[in-house]
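> Start counting the sequence shown at 1005; every next residue gets the next number (this note's numbering).
Positions of the beta carbon are idealized from the N, C-alpha and C atoms, including for glycine.
First the structure, then my questions, so here it is.
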Amino acid sequence: MQTPHNDNLDPDFYRAFYPDLANMSADQAKNHYRDHGFREGRYPNQTAYLAKMGDVVSADPLIPPADVPETEREAVQEAGDRPVRHHLLLGGTGRAGTTFMVQYLTACGLDTHSSRHPDAQPEEHANAGLEDMPIGDGANLPYLIKTPWLYEFIDRLIAQEDVVIDAVIITMRDIVEAATSRVMLEMRARLGNDALAEEHTRWETWGTTPGGLVYSLNPVDQARILALGFHQVIHALVKHDIPIVFLDFPRFIEDGDYLYDQLRSVLGDGVSRETALAAHRALARVDLVRVGAELGSAATGQNQVAAPIGFPSHETIDRTTLFRELKRAKSAAESAKKHSRALEEAVRRDREMNVALKNEILSLTAKLDAQRKVVENVQHDREKDAEIQRRIVNDLSDRLDASNDQLVMVERSFAWRAAAAIRRLLGRK
């Protein structure tokens, strides 16, 4: 295969011409063209586009040249009205780790439901979700699309002229485990329905529409639906030469190297092995792969007649579902107990802190009262000193006044007036 020349890539043209790449940086656009766009036949620049359209210069790369044949002009115009969208699809036999794959590929840097909606979380009990529906107006869908209903519309999706399926990742699980896992989740929901009588929760068939269908909780019936849908998807992909990447579940949960090697054709050189393995270590939860081990434990010592291919009986699934719910309730109770102990410890510490604070307040209050007494004593002593000083001043003032009065009396006396001539001779007043 010819090697792409990234030097010929015009990132601005590339991102403007292909709306699904509009949010990429220039470097991301170069990597995309090298890893995907070149193989997909995308135009790296306006010159390449014009050359394909007939070597006629056009001011707007989205307007087809006038001398291009009418049929080709219509096709280009249609592409201009409805930009071609490239997608990587993710599906499988059901209950086969596709939710983990969305999280894993998000961590590897792909455009996914999780990268578009960072707050979205898988359903707690089923570990399911993070899905998109590529029907109708899907212009705003991410590059990676996970859907459990692919078999319902795969032919119509392939026929859409504005959609290119780059590849499809198919995760495969033992059909017995896949079907049983779905049945157990349905039975759990039935057990949690307070409106149903206890006897009804054990029925193998049920219906919700008056006069409508009866659906079965027999895993054989569920497996037939899954197998038929799986065949329909694979047949459509093979018929149209769409690349398929098969992944074994739970092997890709257990082995990060296996997962990376299988996905090399999808991830390309844009994701290093170290990045992929780090994402796997952070996200893989082997403990959530439970059905196979649970069925093995439930069947031990049971004299049950196995259905073809070893499907478990309805009673075994019922016991396994109850046992799983019991384990979950026990785990929740243990967590609640730990939380309760932590709260009790926190309350104890708060009480101790409260007592310490009260004691500190009492101590500070006593010190404050003592200091107030000191201040009051000092102030009292100062007031006494001030009173003494006032008395002294008053006494001196009184004595001065008395002296002045005596002086006045002397000056007014007869003797003082008689001695006036002598005082004048002596130069005294």
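What span of residues does the alpha helix (DSSP H) with residue 1188 cover, start to end?
Residues 1179-1195.
> Measuring alpha carbon to alpha carbon, tell me which residue in 1288, 1156, 1030, 1053 is nearest residue 1107.
Measuring from the Cα of residue 1107, the nearest candidate turns out to be 1288.
> For residue 1239, which option in 1273, 1172, 1110 has the closest C-alpha, if you only look at C-alpha atoms?
Here the closest residue by C-alpha is 1172.
> Closest to residue 1035 by CA distance: which of 1382, 1274, 1226 is it?
Of 1382, 1274, 1226, the residue nearest in Cα terms is 1274.
> What number of angstroms, rounded off, separates the C-alpha of residue 1043 from the C-alpha of residue 1037?
Cα to Cα, residue 1043 sits roughly 8 Å from residue 1037.
> In terms of DSSP beta bridges, what is residue 1153 paired with?
In the DSSP output, where bridge partners are listed per residue, residue 1153 has none listed.
> Let me know the secondary structure DSSP gives residue 1425 once reduced to three states.
Here residue 1425 sits in helix by DSSP.
> If we call anything under 8 Å between Cβ atoms a contact, is residue 1180 one with residue 1017?
Cβ atoms of residue 1180 and residue 1017: not closer than 8 Å.
> Where does residue 1105 land, buried or exposed, given buried means 16+ other C-beta within 10 angstroms?
Per the 10 Å Cβ criterion, buried.
> Using the DSSP secondary-structure output, state which residues sit across from residue 1174 in a beta bridge.
Its beta-bridge partners are 1095, 1250.
> Considering residue 1236, what are the terminal residues of the alpha helix (DSSP H) in which it resides?
First-last of the alpha helix (DSSP H) with residue 1236: 1223-1243.
> If you drop the 5 nearest sequence neighbours on each side, which residues of the same chain put their C-beta closer than 6 Å to that of residue 1310?
Because the pLDDT at residue 1310 is just 43, under 50, the model does not fix this residue reliably, and the value given afterwards should be weighed accordingly. Answer for residue 1310: no residue qualifies.
> Return yes when the Cβ of residue 1264 is within less than 8 Å of the Cβ of residue 1285, no when it is not.
Cβ atoms of residue 1285 and residue 1264: not closer than 8 Å.
> Of the residues 1134, 1087, 1020, which one's Cα is nearest the Cα of residue 1164?
When only C-alpha atoms are compared, the closest one is 1087.
> Considering just the uninterrupted stretch of the alpha helix (DSSP H) at residue 1105, what are its terminal residues?
Segment 1102-1111, the alpha helix (DSSP H) holding residue 1105.
> Where does residue 1089 fall in DSSP's three states?
Note: residue 1089 maps to strand in three-state DSSP.
> Among 1095, 1189, 1111, 1090, whose alpha-carbon lies nearest the alpha-carbon of residue 1128?
When only C-alpha atoms are compared, the closest one is 1189.
> Rounding to the nearest angstrom, what Cα-Cα distance links residue 1023 and residue 1241 in this structure?
The alpha-carbon atoms of residue 1023 and residue 1241 are separated by roughly 25 Å.
> Helix or strand or just coil, what does DSSP make of residue 1292?
Looking at residue 1292 - three-state DSSP - the assignment turns out to be helix.
> Can you tell me whether residue 1320 is buried or exposed, with buried defined as 16 or more other CB within 10 angstroms of its CB?
Counting Cβ neighbours within 10 Å, residue 1320 comes out buried, since at least 16 surround it.
> 8 Å is my cut-off, CB to CB: does residue 1344 come that close to chain C?
Any reference to chain C falls outside this structure, which holds one protein chain only.
> Suppose the cutoff is 7 Å on Cβ atoms and the five residues either side in sequence are ignored; what does the same chain contact list for residue 1292 look like?
Cβ neighbours of residue 1292 beyond the five flanking positions: 1131.
> State yes or no: is the C-beta of residue 1138 within less than 8 Å of the C-beta of residue 1098?
No, the pair does not count as a contact, with Cβ atoms beyond the cut-off.
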